[in-house]
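Quick notes on the structure that follows.
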């Protein structure tokens, strides 16, 4: 049985990319916490990951044998807006709704950005752990548990 | 990899906040400076922060502020406060004018202290972001080991 590494790793590599892009957006928010007129942004994670999955093919059914039922639309092109090969999250950038707008037009809430950054970090590390487990499984399969 | 951009963004934040700390230090050091005229008296200095996006600076880049996640910060310039300073009657002061007045700076020390703490906290935020991103990248490098 040939093993497609992309299929085997599932959605995790795409999630890792989106997490790292989200870290970039949150870092930009924190760096501009004192910039007048700066509006805080965040990534629509669900939409970004869905687009990443459809472009990478990891969320689509894969036909492994001729007896498989052909899923309708499974081989269709990726939806408009998503890029093939890489993850582009720019179209999923959304502006935050400020809880307490400042006089200078800045909408960064440092405390909330920090908590979101911490949450993003933990999820990034969780994804890394899942990936590590996948590689451990492969190693076990290759070495036969020796 | 997007995590590399975090280093640039947090670094720009750190350098902007350190400029802000510099102006605070300059203002606090000159809080008690006096001068012989209102025009030459020390004026409090403030940095002007501005968000910059690398995608906007590259030639042919998309000129849309909603695009690009790479919003670093830069110091656009230093402005001087236009608040009026105070004139004190000190005829014994060698800097006093013909009427015996010296003109002190318009620095508000309490405001400067609050500004210093704000700049310091923002700097720490950026250091924390940098440290966390570094750890994530190191963890990614160790993937599969």
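Protein chains in written order, with the numbering used here: chain G, 1 to 146; chain F, 147 to 291.
A virtual CB, placed ideally from N, CA and C, is assigned to each residue, including glycine.
Is there a Cβ from chain G that is less than 9 Å from the Cβ of residue i?
| i | result |
| --- | --- |
| residue 148/F | yes |
| residue 228/F | no |
| residue 265/F | yes |
| residue 159/F | yes |
| residue 204/F | Since pLDDT at residue 204/F reaches only 47, below the 50 mark, its modelled position is unreliable, and the value read off the structure follows with that caveat. Chain G, which has no Cβ nearer than 9 Å to the Cβ of residue 204/F, makes this no. |
| residue 194/F | yes |
| residue 171/F | no |
| residue 163/F | yes |
| residue 166/F | yes |
So which residues of chain G does residue i contact, with C-beta pairs closer than 7 Å?
| i | result |
| --- | --- |
| residue 286/F | 128 |
| residue 197/F | 32, 35 and 38 |
| residue 224/F | Near residue 224/F there are no residues of chain G at all, since even the closest Cβ is about 15 Å away, more than 7 Å. |
| residue 156/F | 27 and 31 |
| residue 272/F | 30 and 31 |
| residue 219/F | 31, 32 and 35 |
| residue 275/F | 27, 30 and 117 |
If contacts are defined as beta-carbon pairs under 8 Å, then residue i and residue j qualify, I think. What distance do you get, rounded to the angstrom?
| i | j | result |
| --- | --- | --- |
| residue 216/F | residue 151/F | 5 Å |
| residue 19/G | residue 123/G | 6 Å |
| residue 153/F | residue 279/F | 7 Å |
| residue 96/G | residue 41/G | 7 Å |
| residue 188/F | residue 251/F | 4 Å |
| residue 24/G | residue 177/F | At roughly 40 Å, the Cβ-Cβ gap does not stay under 8 Å, so residue 24/G and residue 177/F are not in contact. |
| residue 181/F | residue 241/F | 7 Å |
| residue 221/F | residue 195/F | 6 Å |
| residue 253/F | residue 184/F | Not really, about 14 Å apart at Cβ, beyond 8 Å. |
| residue 231/F | residue 249/F | 6 Å |
| residue 30/G | residue 159/F | 7 Å |
| residue 170/F | residue 281/F | Rounded, the Cβ-Cβ distance is 31 Å, inconsistent with contact. |
| residue 108/G | residue 27/G | So it is not a contact: roughly 12 Å between Cβ atoms. |
In terms of residue numbering, what span does the alpha helix (DSSP H) encompassing residue i cover?
| i | result |
| --- | --- |
| residue 8/G | 5-9 |
| residue 148/G | One cannot answer for residue 148/G here, as it falls past the ends of chain G, which runs 1 to 146. |
| residue 287/F | 255-287 |
Can you list the residues of chain G that residue i reaches, using a CB-CB cut of under 9 Å?
| i | result |
| --- | --- |
| residue 290/F | 131, 132, 134, 135, 136, 138 and 139 |
| residue 268/F | 30, 31, 33, 34 and 110 |
At least one CB of chain F closer than 9 Å to the CB of residue i: is that the case?
| i | result |
| --- | --- |
| residue 45/G | no |
| residue 161/G | Residue 161/G lies beyond the residue range present for chain G, which begins at 1 and ends at 146; the question has no answer from this structure. |
| residue 100/G | no |
| residue 80/G | Residue confidence is low: residue 80/G scores 38 on pLDDT, short of 50, so the model does not pin down where it sits. No coordinate-derived value is stated. |
| residue 27/G | yes |
| residue 16/G | yes |
| residue 125/G | yes |
| residue 96/G | no |
Going along chain F in order, which residues have a C-beta closer than 9 Å to the C-beta of residue i?
| i | result |
| --- | --- |
| residue 121/G | 278, 279, 281 and 282 |
Which residues mark the beginning and the end of the beta strand (DSSP E) in which residue i is found?
| i | result |
| --- | --- |
| residue 42/G | 41-43 |
At a CB-CB cut-off below 7 Å, which residues of chain F make contact with residue i?
| i | result |
| --- | --- |
| residue 116/G | Going along chain F, no residue has its Cβ under 7 Å from residue 116/G, so there is no contact; the nearest lies around 11 Å. |
| residue 12/G | In chain order: nothing, as chain F lies at least about 10 Å away. |
Interface residues of chain A around residue i at Cβ under 7 Å?
| i | result |
| --- | --- |
| residue 151/F | Looking for chain A here will not work: the only protein chains present are G and F. |
What does residue i reach in chain G if we use C-beta pairs closer than 8 Å?
| i | result |
| --- | --- |
| residue 254/F | Under the 8 Å cutoff, chain G gives no residues; its nearest Cβ is about 17 Å from residue 254/F. |
field: beta strand (DSSP E) runs contained entirely in the stretch 168-249 of chain F, provided each spans 3 or more residues
entry: 191-199, 217-226 and 233-235
Runs of beta strand (DSSP E) lying entirely within the stretch 87-140 of chain G, each at least 3 residues, in chain order: 93-95
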